[in-house]
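> So the sequence lines, in the order shown, correspond to chains A and B. Using the working numbering, the first residue of the first sequence is number 1, and each one after it goes up by one. Using the working numbering, the first residue of the second sequence is number 314, and each one after it goes up by one. Positions of the beta carbon are idealized from the N, C-alpha and C atoms, including for glycine. Provided herewith is a single structure, encoded as structure tokens, for subsequent inquiry.
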Amino acid sequence: MGIEKLKTVLKSHNRSLVLKTPILGASGTYGYNNEFEDFINLEYLGGVVTKGITLEKRLGNKGDRIFEVTSGMINRIGLENVGIERFIKEKLPVLKEKKIDFILNIAGSSFEDYEKLAKIVNDNNIKAIEVNVSCPNVNSGCLEFGKNPKTLEELVFKIRKNYDGFLIVKLSPNVSDIKPLALAVQNAGADCISAINTLHGLGIKLNYNGEVFTKKSVQGGLSGRCIKPVALYYVSQIKSVVDIPVIALGGISKIDDVFEFISAGADAVQTGTENFTNPSVISDIAADIEEFINKNNFKDFEDLKSKIRLARG
Amino acid sequence: MSIALQPSFLLQKGKKLKNYKGKIQNITEKAKNVYEIKIASSLENVRAGQFISILCPNHTFRRPFSVADFENNVITILMKLQGDGTKYLSSLKADDEIEFIAPLGNSFEILNKNCLLVGAGIGIAPMLFLKKELNKNNIKNYLITGFKEQNEVISGSDEIKLGGSVLERLDDIIKEKNIGVIYSCGPYPVLKGVSETAKKHNIMSFVAMERVMACSIGVCRGCTIEILKDGNIERASVCKDGAIFRGDEVIWE
């Protein structure tokens with residue numbers, strides 16, 4: 001069948017993850033389960049990467065949390081989420097009932113947090129997780145895990161020991177060299193890397209009322225179409241040193257973007273900020289890829305992928 | 314005794330959101346920098362207090378607008394020129410196509426009591442739609458609106474306050490009209506003042522909150538405010554849990 005052609009297999013050294021299609025909804029932009037059901041054909045959804053889940057419920061940041069910039073946005077949500085317990089009790093059953101494939105995104109502020117979360121998700125037979133080591137919004141040191149190769153390797157190793165499923169680590173672009181971090185992740189036994197998380201950004205809006213200036217500003221993570229070239233660069237950097245699969249994200253809004261990321265070394269992609277602009281973007285892109293495969297007589301997505309990678313220049 | 318005639322949660326249950334294609338019927342400048350836009354689409358139902366979010370080319374965020382009227386599949390919105398997004402929308406002509414998500418948010422809970430409607434500036438938009446719904450249900454209502462200057466006035470209310478603050482008139486109206494509930498839309502200080510006035514008179518208030526929105530469907534958590542639910546502080550999204558909140562539930566800054 002048509003959609004069978006979009007099947008994507010992420011193969012690591014020891015495991016593999018089968019995706020219905022190569023397009024997933026990025027963490028923090030796709031909710032917990034069926035939030036986008038009204039807008040997309042679920043058959044085209046490669047999976048939902050859930051909102052970042054922490055051990056305890058988090059209220060997130062106070063004050064202005066989002067800021068629109070040219071071709072993108074800045075956010076400082078601050079990891080607001082229901083916590084792992086409520087996720088398992090309330091959100092997980094919906095995913096199962098609706099047969100929505102998902103990857104659980106976890107975040108923590110200490111080695112212990114991550115170890116506990118890994119154990120819980122393992123006990124609940126969750127088949128894939130994405131580890132957020134790069135969320136720039138939490139003051140508690142979350143970023144540090146993703147900045148230092150040694151610390152990162154130790155963290156991923158500890159999670160690996162407690163979790164048997166498909167382990168994805170999401171890397172931050174806010175580093176001077178991403179290659180040692182990607183290698184650390186692979187050495188510690190992760191199955192896959194997703195990149196990139198948001199970039200540091202500051203949005204300022206000034207208003208002059210004739211007497212004084214007033215100001216609105218939001219400092220947080222920059223995302224959206226404007227970060228695509230940065231993401232392409234980091235994906236190719238990562239792919240130059242590791243052989244585990246890479247899921248790319250950063251400014252993807254159309255089929256051409258997906259092709260470019262495949263060319264840079266990606267095996268699957270996530271759409272993030274674009275889901276806010278066009279809530280059916282995942283369906284739209286997946287349908288476009290399907291049409292491209294059929295029209296040009298490629299065997300399937302894997303075939304298409306290999307042909308794109310042959311392009312030189 | 315108050316009777317909730319149309320509990321909004323019942324009406325909203327199972328309600329599907331959709332990304333509609335709409336056609337501009339006409340655009341008219343209603344007041345200084347304020348445009349009335351009529352949009353025809355296949356949207357079949359929308360209630361007072363709900364909003365739509367319109368896609369603006371080259372913008373990440375859609376722009377949210379309260380519905381000011383709905384008749385025969387035509388939505389009316391009122392738009393104030395604010396920046397690039399609204400400038401684009403104001404440049405549209407009849408028959409141009411737009412894309413919008415609807416129907417978004419909860420709606421005003423209609424109580425069988427004498428209603429005071431308070432609209433400040435462009436905040437008149439959802440009040441006009443609410444007034445129409447109340448009239449249909451034969452519920453007594455009184456709409457007061459406030460504008461800074463004469464050239465900013467948008468018609469349709471029972472009383473207009475030019476300059477100063479609409480809040481100054483509330484105490485008197487509540488007594489004169491034997492008001493049992495207040496509904497309001499407008500800038501933050503007005504909503505806060507309405508909520509405080511309602512509390513003082515021991516009556517209910519419902520306010521339409523406004524925040525910058527990214528997804529407009531409750532996913533991104535970008536537009537949250539703090540509310541008090543059963544004694545606990547919670548973060549509620551204006552786009553999905555609101556935009557209408559009980560004034561006494563909002564934790565005002």
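Between which two residues does the beta strand (DSSP E) holding N207/A run?
The residue you call residue 207/A lines up with position 207 of the first sequence. Unbroken beta strand (DSSP E) run through N207/A: L199 to Y208.
> Between the Cα of V131/A and those of D303/A, E80/A, I193/A and V82/A, spot the shortest distance and give me the residue it belongs to.
By 1-based counting over the first sequence, the position of residue 131/A is 131. If we check each option's Cα against that of V131/A, I193/A comes out closest.
> Is N545/B buried or exposed, if buried means 16 or more other CB atoms sit within 10 Å of its CB?
Here residue 545/B is taken as the residue at index 232 of the second sequence, counted from 1. Counting Cβ neighbours within 10 Å, N545/B comes out exposed, since fewer than 16 surround it.
> Using the Cβ count rule (16 or more neighbours within 10 Å means buried), how would you classify E523/B?
The residue you call residue 523/B lines up with position 210 of the second sequence. Under this definition E523/B is a buried residue.
> Please report how far the alpha carbon of G46/A lies from the alpha carbon of I40/A, in whole angstroms.
Looking up residue 46/A in the first sequence gives position 46. Looking up residue 40/A in the first sequence gives position 40. Approximately 12 angstroms between the Cα atoms of the pair.
> Could you name the residues of the same chain whose beta carbon sits closer than 7 angstroms to that of N346/B, not counting the 5 residues immediately before and after it, in chain order?
As a first step, residue 346/B must be located in the second sequence, where it is residue number 33. Answer for N346/B: K393 and L394, listed in chain order.
> On the DSSP bridge list, what partners appear for R548/B?
For the purposes of this step, residue 548/B is taken as the residue at position 235 of the second sequence. Answer by DSSP bridge pairing, in chain order: E539/B.
> Anything in chain A within Cβ reach of L368/B, meaning under 8 angstroms, just list it in chain order.
Within the second sequence, residue 368/B is the residue found at index 55, counting from 1. What L368/B touches in chain A: T277 and N278.
> Answer yes or no: do Y32/A and K51/A have a C-beta to C-beta separation smaller than 7 angstroms?
Residue mapping note: residue 32/A aligns to position 32 of the first sequence, counting from 1. Residue mapping note: residue 51/A aligns to position 51 of the first sequence, counting from 1. Yes, the pair counts as a contact, with Cβ atoms nearer than the cut-off.
> Between I66/A and chain B, is the shortest Cβ-Cβ distance under 7 angstroms, so that the two count as touching?
As a working note, residue 66/A is residue 66 in the first sequence. Answer yes: the Cβ-Cβ gap between I66/A and chain B drops below 7 angstroms somewhere.
> Give the C-beta separation of P269/A and P22/A to the nearest angstrom, bearing in mind that I take them to be a contact with Cβ-Cβ under 8 angstroms.
Start at 1 with the first residue of the first sequence, and residue 269/A comes out as number 269. Start at 1 with the first residue of the first sequence, and residue 22/A comes out as number 22. A small fix is needed here, since residue 269/A is Val in this sequence, not Pro. 6 angstroms between Cβ atoms; contact.
> Expressed to the nearest angstrom, what Euclidean distance is found between the alpha-carbon atoms of A26/A and V520/B?
Here residue 26/A refers to the residue found at position 26 of the first sequence. Here residue 520/B refers to the residue found at position 207 of the second sequence. Computed Cα separation, rounded: 33 angstroms.
> Could you tell me the distance, in whole angstroms, from the CA atom of P136/A to the CA atom of Y455/B?
On the first sequence, residue 136/A is found 136 positions in, with the first residue counted as 1. On the second sequence, residue 455/B is found 142 positions in, with the first residue counted as 1. The predicted position of P136/A is uncertain, since its pLDDT is 48 and thus under 50; a value taken from the coordinates is nonetheless stated next. If you take the alpha carbons of P136/A and Y455/B, they lie about 49 angstroms apart.
> Taking only beta-carbon atoms, is C528/B less than 7 angstroms away from chain A?
One-based indexing of the second sequence puts residue 528/B at position 215. For C528/B, the answer is yes, since a Cβ of chain A falls inside 7 angstroms of its Cβ.
> I'd like the list of long-range same chain contacts for A317/B, defined as Cβ closer than 7 angstroms, with 5 residues on each side in sequence excluded.
For the purposes of this step, residue 317/B is taken as the residue at position 4 of the second sequence. Only weak support is given to the placement of A317/B: the predicted model assigns it a pLDDT of 44, under 50, and the question is left unresolved by the model.
> What are the residues that DSSP puts in a beta bridge with G163/A?
To locate residue 163/A, count along the first sequence from 1; it is residue 163. First, the residue type needs correcting, since residue 163/A is Tyr and not Gly in the sequence shown. Bridge partners of Y163/A: none, in fact.
> Just to check my reading of the structure: K239/A and G265/A have Cβ atoms closer than 8 angstroms, yes? What is that Cβ distance to the nearest angstrom?
Indexing the first sequence from 1 puts residue 239/A at position 239. Indexing the first sequence from 1 puts residue 265/A at position 265. With 8 angstroms as the limit, K239/A and G265/A qualify as a contact, their Cβ atoms being about 3 angstroms apart.
> What are the residues that DSSP puts in a beta bridge with N81/A?
In the first sequence, the residue the question calls residue 81/A occupies position 81. For N81/A, which the question treats as bridged, DSSP gives the partners R58/A.
> Can you pull the chain A neighbours of G535/B, defined as C-beta to C-beta under 7 angstroms?
By one-based count along the second sequence, residue 535/B stands at place 222. The answer, in chain order, is R65, I66, N75 and I77.
> CA-CA distance, I293/A and N386/B?
Along the first sequence, one-based indexing puts residue 293/A at 293. Along the second sequence, one-based indexing puts residue 386/B at 73. Straight-line Cα distance between these residues: approximately 39 angstroms.
> Grab the span of the alpha helix (DSSP H) containing P502/B for me, first residue to last.
Reading the second sequence from its first residue, position 189 is the one you call residue 502/B. Its alpha helix (DSSP H) spans residues Y501 to K513.
> Tell me which residues share the same chain as T389/B and place their Cβ nearer than 6 angstroms to its Cβ, disregarding the 5 neighbours each side in the sequence.
For this step, residue 389/B is matched to residue 76 along the second sequence. Hits under 6 angstroms: K351, A381 and D382.
> Please report whether the beta-carbon of R548/B lies at a distance below 7 angstroms from any beta-carbon of chain A.
If you number the second sequence from 1, residue 548/B lands on position 235. Taking Cβ atoms only, chain A reaches closer than 7 angstroms to R548/B, which makes this a yes.
> If you scan the stretch 411–477 of chain B from start to end, which runs of the beta strand (DSSP E) of 3 or more residues do you find wholly inside it?
Within the stretch 411–477 of chain B, the complete beta strand (DSSP E) runs of at least 3 residues are 428–433, 454–460 and 472–475.
> In whole angstroms, what is the alpha-carbon distance linking R376/B and S366/B?
Within the second sequence, residue 376/B is the residue found at index 63, counting from 1. Within the second sequence, residue 366/B is the residue found at index 53, counting from 1. Using only the alpha carbons, I get a separation of about 5 angstroms.
> Could you tell me whether any Cβ in chain B is nearer than 7 angstroms to the Cβ of L55/A?
In the first sequence, residue 55/A corresponds to position 55, counting from 1. Answer no: the Cβ-Cβ gap between L55/A and chain B never drops below 7 angstroms.
> If you scan the stretch 83–140 of chain A from start to end, which runs of the beta strand (DSSP E) of 3 or more residues do you find wholly inside it?
For the stretch 83–140 of chain A, whole beta strand (DSSP E) runs of length 3 or above, ordered along the chain, are 102–107 and 128–132.
> Just how far apart, CA to CA, sit E144/A and T151/A?
As a working mapping, residue 144/A is identified with position 144 in the first sequence. As a working mapping, residue 151/A is identified with position 151 in the first sequence. E144/A and T151/A: Cα-Cα distance of roughly 8 angstroms.
> By how many angstroms is the C-alpha of F102/A removed from the C-alpha of K161/A?
Position 161 of the first sequence, counting from 1, holds the residue named residue 161/A. Position 102 of the first sequence, counting from 1, holds the residue named residue 102/A. If you take the alpha carbons of K161/A and F102/A, they lie about 22 angstroms apart.
> Name, please, each residue of chain A whose Cβ falls closer than 7 angstroms to the Cβ of I435/B.
Counted from its first residue, the second sequence places residue 435/B at position 122. Those do not exist, as I435/B stays about 17 angstroms from chain A at its closest Cβ, beyond 7 angstroms.
> Under a Cβ-count criterion, where at least 16 other Cβ atoms within 10 Å of its own Cβ denotes burial, should N139/A be classed as buried or exposed?
Counted from its first residue, the first sequence places residue 139/A at position 139. Any answer about N139/A is weak, because its pLDDT of 47 lies below 50 and its placement is not dependable; what the coordinates show is given next. N139/A is exposed by the Cβ-count criterion.
> Could you check whether the Cβ of G250/A sits closer than 7 angstroms to any Cβ belonging to chain B?
Translated into positions along the first sequence, residue 250/A becomes position 250. It does not: the Cβ of G250/A has no partner Cβ on chain B nearer than 7 angstroms.
> With a threshold of 16 other CB atoms inside 10 Å of the CB of I126/A, please say whether the residue is buried or exposed.
Translated into positions along the first sequence, residue 126/A becomes position 126. Answer is buried; the Cβ neighbour count reaches 16.
> Below 8 angstroms, can you find three or more Cβ-Cβ pairs linking the stretch 400–416 of chain B to the stretch 453–468 of chain B?
No: the two stretches stay apart, fewer than three of their Cβ pairs being nearer than 8 angstroms.
> Rounded to whole angstroms, what's the CA-CA distance from I129/A to G493/B? Just pull it up for me.
Reading the first sequence from its first residue, position 129 is the one you call residue 129/A. Reading the second sequence from its first residue, position 180 is the one you call residue 493/B. Answer to the nearest angstrom: the Cα atoms are 52 angstroms apart.
> Give the interface partners of G46/A over in chain B, defined as CB-CB distance under 7 angstroms, in chain order.
Taking the first sequence and counting its residues from 1, one reaches residue 46/A at position 46. What G46/A touches in chain B: nothing, since even the nearest Cβ is about 18 angstroms away.
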